[in-house]
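**Student:** Here's a structure for you.
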Amino acid sequence: MRHRERKAARPRVVIVQAVVLQYRVPFYRLLRRRLDEAGIDLDLVHSNPPADQDVWGDAVDLPWAHHVPMRRLPLGGRELLWQRCRELVRRGDLVIVEQASRHVINYRLSLEQLLGRRRLAYWGHGRNHAEQTSKVGEWVKARLTPQCHWWFAYTSESADLVAATGFPRERITDVRNAVDTQALAGLVDGLDVADRRRIRAELDLPEQHVGLFVGGLSHDKQLPDVIAAADAVRERVPDFHLVIAGAGPLEPVVREAAQRRPWLHYVGARFGAGKAELLAVADVLLIPAWAGLVVLDAFAGAVPPVASSDRPHPPEIAYVTDDVDGVLVADGGDPRVYGAAVAELLLDPRRRTRLAEGCRRSRASYTVEEMARRFADGIVQALSDEARPRPPRRR
1 MRHRERKAAR
11 PRVVIVQAVV
21 LQYRVPFYRL
31 LRRRLDEAGI
41 DLDLVHSNPP
51 ADQDVWGDAV
61 DLPWAHHVPM
71 RRLPLGGREL
81 LWQRCRELVR
91 RGDLVIVEQA
101 SRHVINYRLS
111 LEQLLGRRRL
121 AYWGHGRNHA
131 EQTSKVGEWV
141 KARLTPQCHW
151 WFAYTSESAD
161 LVAATGFPRE
171 RITDVRNAVD
181 TQALAGLVDG
191 LDVADRRRIR
201 AELDLPEQHV
211 GLFVGGLSHD
221 KQLPDVIAAA
231 DAVRERVPDF
241 HLVIAGAGPL
251 EPVVREAAQR
261 RPWLHYVGAR
271 FGAGKAELLA
281 VADVLLIPAW
291 AGLVVLDAFA
301 GAVPPVASSD
311 RPHPPEIAYV
321 TDDVDGVLVA
331 DGGDPRVYGA
341 AVAELLLDPR
351 RRTRLAEGCR
361 RSRASYTVEE
371 MARRFADGIV
381 QALSDEARPR
391 PPRRR
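Residue numbers for the sequence shown, in full-length UniProt numbering: 1 to 395.
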């Protein structure tokens with residue numbers, strides 16, 4: 001009798017994340033709906049910090065998600081994260097975790113996967129694309145990458161990296177990482193001439209030659225070089241203004257720069273309608289380094305992104321096609337060279353219009369709806385009888 005009841009129960013998927021971020025909310029809602037329609041339950045587990053400790057200002061609590069305590073454990077020069085979610089994880093027929101060596105739970109789940117007790121799936125880039133990485137962490141990650149049941153890769157490049165480890169290609173889902181581009185585009189397109197005039201007046205911006213940086217104020221984004229590049233742009237385009245939107249550990253650097261430059265405007269973190277307003281009055285997006293999903297914000301707002309081809313980026317940089325929907329600058333890491341490329345684009349309205357049209361075309365290719373569909377299909381496959389756990393191929 002117990003055996004029959006267990007067979008009749010709906011499969012359950014558990015996704016464990018350290019934090020639930022603003023931009024992921026539409027994805028989780030769509031994924032939950034798709035899985036429910038497929039007869040699968042979803043548990044989302046997270047450890048969002050209290051609002052007064054949220055340095056980035058973008059953590060969101062979903063009413064149906066499970067919040068669990070998290071401890072930070074120093075280990076040498078690294079920090080491990082331990083989330084108290086064992087009971088929730090035990091309920092899952094498939095457990096999906098971030099591919100990160102700092103998460104203690106990943107080691108236990110990997111062991112349970114090897115012993116045939118748990119189906120474990122990784123979700124991630126395939127490798128760390130940042131310049132400064134932990135050698136130990138990357139060594140551990142390389143060993144753990146093949147030791148799972150399924151892989152949810154951010155992009156096709158990520159899928160190739162995972163397959164290169166010997167992991168079976170048929171058990172890799174390219175989710176085509178995305179944000180809700182359609183909703184953001186609708187907000188931007190819904191702002192008329194009067195709205196845009198009001199926004200410019202509120203921020204003291206000119207009618208043209210406005211640059212925008214939006215995202216986390218982290219070391220990966222190389223904010224000092226963004227500011228240095230803006231200085232270089234200003235030399236060539238005297239009425240250039242830069243708006244910086246975001247939060248993070250480098251906020252003091254940005255605030256100090258804004259105090260000394262009346263044409264540099266720091267507006268804090270902006271999401272949804274607030275972000276749409278900034279995109280509506282911007283001519284270019286400055287993101288020399290670590291241009292990830294922000295390129296989709298640029299596509300949604302039809303604001304050509306300008307990135308450096310000589311600086312580190314996550315795999316989503318591959319969404320940008322040079323001189324089609326953005327600009328990739330071979331700047332050799334020199335902010336003045338990067339700034340010159342931004343100035344050149346600002347002073348060429350016909351090229352800027354052409355790239356903006358390219359952004360509008362590209363945004364249709366990367367949607368959160370398609371990401372949710374791909375992710376849900378991958379989960380269904382991972383739970384199927386034809387995809388039972390088996391040892392990874394040896395190279």
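All C-beta atoms in this analysis are idealised placements derived from N, C-alpha and C, irrespective of residue type, glycine included.
1) Residue range of the alpha helix (DSSP H) that Asp225 falls in?
2) Helix, strand or coil: which one does DSSP assign to Pro74?
3) What's the C-alpha gap between Asn48 and Asp348?
4) Looking at the C-beta of Gly211, does it have a partner C-beta in chain C at a distance below 8 Å?
5) Verify whether the separation of the beta carbon atoms of Val20 and Val89 is less than 8 Å.
6) Can you list the alpha helix (DSSP H) stretches of 4 or more residues lying completely in the region 35-81, in chain order?
7) So, are the CB atoms of Arg236 and Ala340 less than 8 Å apart?
8) If contact is defined by three or more beta carbon pairs under 8 Å, each pair taking one atom from either stretch, is the region 258-276 in contact with the region 365-380?
9) If you compare alpha carbons, which of Gln22, Arg200, Arg351, Phe27 is closest to Arg374?
10) What distance in whole Å lies between the Cβ atoms of Val95 and Leu120, which are believed to be in contact at a cut-off of 8 Å?
11) At which residues does the beta strand (DSSP E) containing Pro335 begin and terminate?
12) Less than 8 Å between the beta carbons of Asp310 and Gly326, yes or no?
13) Can you give the Cα-Cα distance for Leu346 and Arg34, rounded to whole angstroms?
14) Since Val233 contacts Ala376 with CB under 8 Å, what's their CB separation in whole angstroms?
15) Per DSSP, what kind of secondary structure is Glu207 in: helix, strand or coil?
16) Buried or exposed: which applies to residue 400, given that a residue is buried once 16 or more other Cβ atoms fall within 10 Å of its Cβ?
17) In this structure, how does DSSP classify Asp297 when only helix, strand and coil are distinguished?
18) From Leu109, Ser362, Val243, pick the residue whose C-alpha is nearest to that of Ala280; which is it?
19) Do Asp297 and Val210 have their C-beta atoms closer together than 8 Å?
20) If you scan the region 142-174 from start to end, which runs of the beta strand (DSSP E) of 3 or more residues do you find wholly inside it?
21) In angstroms with no decimal places, state the Cα-to-Cα distance between Arg12 and Arg84.
22) Have a look at the DSSP bridge pairing and note the partners of Val284.
23) So within the region 349-373, which uninterrupted alpha helix (DSSP H) runs reach at least 4 residues, ignoring any that extend past its ends?
24) Using CA atoms only, rank isn't needed, just tell me which of Val188, Leu250, Leu187, Leu285 is closest to Ala230.
25) Specify whether the region 213-227 and the region 245-262 touch according to this definition: at least 3 beta carbon pairs, one from each stretch, less than 8 Å apart.
26) Can you give me the Cβ contacts of Leu205 inside the same chain, cut-off strictly under 8 Å, excluding the 5 residues immediately before and after it?
27) Please report how far the alpha carbon of Arg72 lies from the alpha carbon of Leu217, in whole angstroms.
28) Measure the CB-CB distance between Gly215 and Val294 and report whether it falls below 8 Å.
29) Within its chain, find whatever has a CB closer than 7 Å to the CB of Ala372; leave out the 5 residues flanking it on each side and keep chain order.
30) Give me whichever residues DSSP pairs with Gln83 in a beta bridge.
31) What did DSSP end up calling Ala289 once you bin it into helix, strand or coil?
32) Can you tell me where the beta strand (DSSP E) holding Glu98 begins and where it ends?
33) Within 10 Å of its beta-carbon, does Pro238 have 16 or more other beta-carbons around it, so buried, or fewer, so exposed?
34) Does DSSP put Arg29 in a helix, a strand or coil?
35) So is Trp64 buried or exposed if we call it buried at 16+ other beta carbons inside 10 Å?
36) Assign Gly274 to one of three DSSP states: helix, strand, or coil.
**Tutor:** The relevant details are as follows:
1) Taking the first residue of the sequence shown as 1, we reach residue 225 at position 225. Start and end: 223-236.
2) As a working note, residue 74 is residue 74 in the sequence shown. Strand at Pro74.
3) Working through the sequence shown from its first residue, we reach residue 48 at position 48. Working through the sequence shown from its first residue, we reach residue 348 at position 348. Near 44 Å, if we compare the C-alpha coordinates of Asp348 and Asn48.
4) This model lacks chain C altogether, as it is built from one protein chain only.
5) Locating residue 20 in the sequence shown gives position 20, where the first residue counts as 1. Locating residue 89 in the sequence shown gives position 89, where the first residue counts as 1. No, the pair does not count as a contact, with Cβ atoms beyond the cut-off.
6) none
7) Counted from its first residue, the sequence shown places residue 236 at position 236. Counted from its first residue, the sequence shown places residue 340 at position 340. Yes, the pair counts as a contact, with Cβ atoms nearer than the cut-off.
8) no
9) Residue numbering aside, residue 374 sits at position 374 when the sequence shown is read from its first letter. When each option's Cα is compared against that of Arg374, the closest is Phe27.
10) Start at 1 with the first residue of the sequence shown, and residue 120 comes out as number 120. Start at 1 with the first residue of the sequence shown, and residue 95 comes out as number 95. Yes, Leu120 and Val95 are in contact; Cβ-Cβ is about 6 Å, under 8 Å.
11) Residue mapping note: residue 335 aligns to position 335 of the sequence shown, counting from 1. Pro335 -> not in any beta strand (DSSP E); alpha helix (DSSP H) instead, spanning 335-346.
12) As a position in the sequence shown, residue 310 is number 310, starting the count at 1. As a position in the sequence shown, residue 326 is number 326, starting the count at 1. It is not a contact, given that the beta carbons lie outside the stated cut-off.
13) If you number the sequence shown from 1, residue 346 lands on position 346. If you number the sequence shown from 1, residue 34 lands on position 34. Each residue's Cα considered, the two are about 43 Å apart.
14) Position 233 of the sequence shown, counted from the first residue, corresponds to residue 233. Position 376 of the sequence shown, counted from the first residue, corresponds to residue 376. In fact, because the Cβ distance is near 44 Å, the residues do not count as touching under 8 Å.
15) Translated into the one-based positions of the sequence shown, residue 207 becomes position 207. Looking at Glu207 - three-state DSSP - the assignment turns out to be coil, as it is neither helix nor strand.
16) The structure shown does not extend to residue 400, since the chain is modelled only from 1 to 395, so the question has no answer here.
17) By one-based count along the sequence shown, residue 297 stands at place 297. DSSP places Asp297 in helix when its eight states are reduced to three.
18) As a position in the sequence shown, residue 280 is number 280, starting the count at 1. Among Leu109, Ser362, Val243, the Cα nearest to that of Ala280 belongs to Val243.
19) For the purposes of this step, residue 297 is taken as the residue at position 297 of the sequence shown. For the purposes of this step, residue 210 is taken as the residue at position 210 of the sequence shown. Against a cut-off of 8 Å, the Cβ pair of Val210 and Asp297 comes out as no contact.
20) 150-153, 172-174
21) As a first step, residue 12 must be located in the sequence shown, where it is residue number 12. As a first step, residue 84 must be located in the sequence shown, where it is residue number 84. Between Arg12 and Arg84, the C-alpha separation is close to 19 Å.
22) Reading the sequence shown from its first residue, position 284 is the one you call residue 284. In the DSSP output, where bridge partners are listed per residue, Val284 has Gly211.
23) 349-363
24) To locate residue 230, count along the sequence shown from 1; it is residue 230. The shortest C-alpha separation from Ala230 is found at Leu285.
25) yes
26) Your numbering for residue 205 matches position 205 in the sequence shown. Taken in chain order, the residues that qualify are Ile199, His241, Val243, His265, Val281.
27) On the sequence shown, position 72 is the one that residue 72 refers to. On the sequence shown, position 217 is the one that residue 217 refers to. Straight-line Cα distance between these residues: approximately 22 Å.
28) Indexing the sequence shown from 1 puts residue 215 at position 215. Indexing the sequence shown from 1 puts residue 294 at position 294. Yes, the Cβ-Cβ distance between Gly215 and Val294 is below 8 Å.
29) Translated into the one-based positions of the sequence shown, residue 372 becomes position 372. So the qualifying residues of the chain are Phe27, Leu30, Leu31, Arg34.
30) Here the question's residue 83 lines up with position 83 in the sequence shown. In DSSP, Gln83 forms a bridge with Met70.
31) One-based indexing of the sequence shown puts residue 289 at position 289. Residue state, collapsed to three classes: coil.
32) Locating residue 98 in the sequence shown gives position 98, where the first residue counts as 1. It spans 94-98 - the beta strand (DSSP E) in which Glu98 sits, taken as one unbroken run.
33) The residue you call residue 238 lines up with position 238 of the sequence shown. It is exposed - the Cβ of Pro238 has fewer than 16 other Cβ atoms within 10 Å.
34) To locate residue 29, count along the sequence shown from 1; it is residue 29. Note: Arg29 maps to helix in three-state DSSP.
35) Residue mapping note: residue 64 aligns to position 64 of the sequence shown, counting from 1. Trp64 should be labelled exposed.
36) By one-based count along the sequence shown, residue 274 stands at place 274. Gly274: helix per DSSP, three-state reduction.
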